[in-house]
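In this note's numbering, the protein residues as written are 299 to 397. For reference, the structure discussed in these notes is given below.
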DNA sequence: TTGGCGGCACCCG
DNA sequence: TCGGGTGCCGCCA
């Protein structure tokens, strides 16, 4: 199974209303410092319709980037009940999903 | 607080 | 086949 497949599968474990970080997701698939790899994979996302790549944020709580625009990502997250202010997740520790 | 560079899989030439 | 560039980050100075 490809690394990207693993990443997508892991990401699908994140339930609606929860999020994860690039670093955590990277470690979840066996990468120590694979944050950028995850970002790249997300950007190349071949299944944007079924992969909730908007549920992945930076470890600092900032939204991070998004292939279709950061504001779209922000909106989708807020639609799932995640509180965002000034482009940052409010209760990150309470919202992040642990694998 | 802000900036810069490190680290890694994948794509392209 | 091989080398270098790229990318939705993260940590340290």
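For glycine and all other residues, C-beta sits at the position ideal for the given N, C-alpha and C.
{"query": "I'd like to check one pair, residue 359 with residue 380: are the Cβ atoms closer than 8 Å?", "result": "no"}
{"query": "Would the segment 369 to 384 and the segment 325 to 339 be scored as touching if the rule is three or more Cβ pairs under 8 Å?", "result": "no"}
{"query": "With distances taken between CB atoms, is the gap from residue 391 to residue 339 smaller than 8 Å?", "result": "no"}
{"query": "With a floor of 4 residues, list each alpha helix (DSSP H) that falls wholly inside the segment 320 to 358, ordered by position along the chain.", "result": "320 to 326, 333 to 341"}
{"query": "Return helix, strand or coil for residue 305, following the three-state DSSP convention.", "result": "helix"}
{"query": "Return the Cβ separation of residue 307 and residue 395 in integer angstroms, given the expectation that the two are a contact with Cβ distance under 8 Å.", "result": "In fact, because the Cβ distance is near 14 Å, the residues do not count as touching under 8 Å."}
{"query": "With H, G and I counted as helix, E and B as strand and the rest as coil, what does DSSP make of residue 316?", "result": "coil"}
{"query": "Would you report the Cα separation of residue 312 and residue 353, rounded to the nearest angstrom?", "result": "8 Å"}
{"query": "What does the Cβ neighbour count give for residue 324, buried or exposed, with the cut at 16 atoms within 10 Å?", "result": "buried"}
{"query": "Taking the alpha-carbon positions, what's the residue 342 to residue 365 distance?", "result": "9 Å"}
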